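Read the structure below first, then the notes.
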Amino acid sequence: MRPDQLISGESILQYSDNGLITLTTHRIRYRNTIWGESNFISIMLEKISSVQVVGISYPMVLIIGIIIGLFGLFLAYGQQGKNEEGSVSIVIGVLFIIAYFVTKRHVCVIASDGGHKIVFRTENMKTETLIDMMDKIELAKNNRISQLRL
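First residue of the sequence shown: 288, per the working numbering; consecutive thereafter.
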């Protein structure tokens with residue numbers, strides 16, 4: 288965020304490690320561009336309803352992979368000896384297991400009262416940094432609400 292974009296009396300408190308989030312004394316801003324898609328969301332601090340870090344995974348993909356892999360082992364090394372169907376099943380099972388680990392991710396969600404959510408991936412951020420950012424958002428919101436009451 289550039290200084291000329293600040294509201295009167297507003298100052299920048301923190302930028303996230305990855306540069307996607309800017310926290311000020313009045314609002315939080317998210318700006319990201321990926322593959323030609325641009326996202327820009329700004330939420331006033333008094334409108335933030337929650338901040339959370341969420342782990343997203345698809346355990347059914349892992350379970351399906353294990354089942355297909357075990358079925359492939361049974362076919363390949365069962366009573367009939369090695370066969371092509373068993374090898375193919377093992378490969379498919381391994382692909383499902385790999386897909387589980389590739390799609391597993393952690394995201395931070397900053398929700399507003401009835402508006403848009405800011406959602407961004409946190410893989411490159413340390414847990415301590417995320418907790419510090421959450422603490423700063425909560426403190427900034429508390430200070431902003433106290434300021435508005437005056």
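Just so you know, even glycine gets a beta-carbon here, dropped at the ideal spot from N, CA and C. Small disclaimer: the values here were computed from a predicted structure and weren't measured.
Proximity of residue i and residue j at Cβ, strictly below 8 Å
| i | j | result |
| --- | --- | --- |
| residue 405 | residue 328 | yes |
| residue 398 | residue 337 | yes |
| residue 394 | residue 341 | yes |
| residue 442 | residue 383 | Any property of residue 442 remains undetermined from this structure, which presents the chain solely from 288 to 437. |
Host alpha helix (DSSP H) of residue i (start-end)
| i | result |
| --- | --- |
| residue 372 | 371-390 |
Run of the beta strand (DSSP E) containing residue i, from where it starts to where it stops
| i | result |
| --- | --- |
| residue 404 | 404-408 |
| residue 326 | 324-331 |
| residue 416 | Segment 414-436 is the alpha helix (DSSP H) holding residue 416; no beta strand (DSSP E) there. |
| residue 360 | Premise fails: residue 360 lies in the alpha helix (DSSP H), 346-364, not in any beta strand (DSSP E). |
| residue 312 | No beta strand (DSSP E) holds residue 312; DSSP gives it neither H nor E. |
| residue 343 | 335-343 |
| residue 300 | 299-302 |
Residues near residue i by beta carbon distance below 8 Å, same chain, minus five either side
| i | result |
| --- | --- |
| residue 387 | 344, 345, 346, 348, 349 and 352 |
| residue 371 | none |
| residue 361 | 373 |
| residue 364 | 373 |
Neighbourhood of residue i by C-beta distance below 6 Å, restricted to the same chain and skipping five residues each side
| i | result |
| --- | --- |
| residue 403 | 328 |
| residue 315 | 330 |
| residue 339 | 396 |
Close beta carbons around residue i, own chain, < 7 Å, minus the five adjacent residues each side
| i | result |
| --- | --- |
| residue 313 | 294, 297, 331, 332 and 431 |
Contact belief for residue i with residue j at Cβ below 8 Å, rounded distance in angstroms
| i | j | result |
| --- | --- | --- |
| residue 321 | residue 311 | So it is not a contact: roughly 24 Å between Cβ atoms. |
| residue 379 | residue 418 | Residue 379 to residue 418, Cβ: 40 Å. No contact. |
| residue 291 | residue 416 | About 28 Å; that fails the 8 Å criterion. |
| residue 410 | residue 392 | 7 Å |
| residue 301 | residue 421 | With 8 Å as the limit, residue 301 and residue 421 do not qualify as a contact, their Cβ atoms being about 11 Å apart. |
Identity of the residue in the options nearest residue i by Cα
| i | options | result |
| --- | --- | --- |
| residue 412 | 308, 290 and 291 | 308 |
| residue 381 | 421, 422 and 359 | 359 |
| residue 401 | 306, 334 and 301 | 334 |
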